[in-house]
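Down below is the structure, laid out as structure tokens.
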Amino acid sequence: MTDHLGHNLKLLCSHYRSIAEVCRQLAINRAQFNKYLSGQSRPTPYNLKRICDFFGVEAYELGLPAEQFAGLVGARDAGQERAAPGDPLLELLQPLREHGSSLSRYCGYYLEYANCMSVPGQILVSLVQLREERGSYLFERQERQGRPRGPGPEADDSVRCRYLGAAFYLQDRLFLIDYESLTGNEMSQTILIPSFKSRITRLNGLKTGVSSGDRRTPACTRVVWVYLGTEVNRVNAYRQVMLYSADDPRIAADIRQRLAAAHLRDGLFEVE
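Numbers in my numbering are just positions in the sequence shown, counted from 1, shifted up by 400.
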């Protein structure tokens with residue numbers, strides 16, 4: 401593959417503003433990527449899959465002779481242009497992808513603690529997975545508003561919600577926007593302050609959305625993400641996903657204190 405890999409990669413990169421942009425979206429070191437372009441080295445299977453997923457090609461296609469590969473990519477691009485014109489929503493968000501920094505160190509699972517917008521006075525614990533997919537950062541948040549009455553799914557009559565969203569790292573802040581995928585009738589936004597420590601433990605910030613009640617009241621709450629790791633037992637983690645009373649001893653005291661703190665300055669709700 402190395403005989404044609406570099407040339408074919410250069411052709412694919414020519415569809416983007418710069419090689420630096422490609423490296424940033426792939427989260428691959430520029431110096432290492434330059435070795436792929438020059439044919440000095442071959443990507444590891446892991447990096448090769450990421451590159452192929454990002455550009456929408458197969459691994460064996462990167463090893464094709466240059467003229468054959470160019471014809472294949474050209475025909476595919478032409479077919480895509482005829483089949484689907486530009487999506488204005490994707491075009492609107494594209495600058496955020498280009499200017500955003502890598503979120504790879506923050507990928508993994510978190511427990512999210514927030515004041516429940518639908519049940520005032522309760523703390524809602526959710527399970528979040530932040531992941532990288534084809535150069536973009538996506539996340540999924542699982543909520544369960546209620547408390548299981550006993551073991552087994554038949555004893556659980558709580559309301560379940562599943563949010564899907566995208567994350568961007570802009571100017572030292574994590575911006576996350578999502579929608580409720582089961583009903584498609586609401587969105588929320590979260591802004592987190594990153595951790596600059598070598599080991600991530602917690603991320604703090606603000607979350608806005610609406611209550612699930614009839615009035616759909618807009619609300620804002622402080623939020624804490626507690627890092628669980630890149631691999632977790634999802635069943636055990638999901639058992640913690642539910643509503644808790646504000647004084648529940650299972651919620652760490654410092655988290656309860658942080659969620660209860662509200663700083664209003666000139667009419668603005670801020671996180672320090």
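Yeah, the Cβ is synthetic: ideal placement off N, Cα and C, and Gly gets one too.
Taking a contact to mean a Cβ-Cβ separation below 7 Å, would you say residue i touches residue j in this structure?
i	j	result
S612	S518	yes
E540	S526	no
G605	V671	yes
G535	F454	yes
T608	C620	yes
F575	I593	no
E586	V610	yes
G508	G629	yes
L448	A459	yes
Y537	W625	no
V528	Q545	no
Just curious, the alpha helix (DSSP H) that residue i is in, first and last residue?
i	result
Y506	Taken as a continuous stretch (DSSP letters only), Y506 belongs to no alpha helix (DSSP H), as it is neither H nor E.
N447	445 to 455
Y416	Counting along the chain, Y416 falls outside any alpha helix (DSSP H), and DSSP gives it neither H nor E.
S438	430 to 438
A459	459 to 462
Q529	No alpha helix (DSSP H) holds Q529; the beta strand (DSSP E) holding it covers 522 to 533.
By the DSSP assignment, the beta strand (DSSP E) with residue i in it spans what residues?
i	result
I591	587 to 593
C423	Here C423 belongs to no beta strand (DSSP E); instead the alpha helix (DSSP H) covers 419 to 426.
R544	536 to 545
E491	Run containing E491: none in the beta strand (DSSP E); it sits in the alpha helix (DSSP H), 488 to 499.
G667	Looking at the DSSP string, G667 is not in any beta strand (DSSP E), and its letter there is neither H nor E.
C516	Neither: C516 is in no beta strand (DSSP E) and is coded neither H nor E.
V442	For clarity, residue 442 is Arg in the given sequence; the question names Val instead. Unbroken run through R442: none, as it is neither H nor E.
So residue i and residue j are supposed to be a Cβ contact under 8 Å. How far apart are they, rounded?
i	j	result
L530	Y506	6 Å
A427	E532	7 Å
G406	Y436	6 Å
Where in the stretch 578 to 660 do unbroken runs of the beta strand (DSSP E), each at least 3 residues long, occur, reported from the N-terminal end onward? Every beta strand (DSSP E) stretch that sits fully inside the stretch 578 to 660 and reaches 3 residues is listed by chain position as 587 to 593, 602 to 610, 618 to 629, 642 to 645.
Between the stretch 632 to 652 and the stretch 572 to 583, can you find at least three pairs of beta-carbon atoms closer than 8 Å? The way I'd put it, the stretch 572 to 583 doesn't touch the stretch 632 to 652; fewer than three beta-carbon pairs between them come closer than 8 Å.
Stretch pair the stretch 655 to 666 + the stretch 629 to 637: three plus CB contacts closer than 8 Å: No: the two stretches stay apart, fewer than three of their Cβ pairs being nearer than 8 Å.
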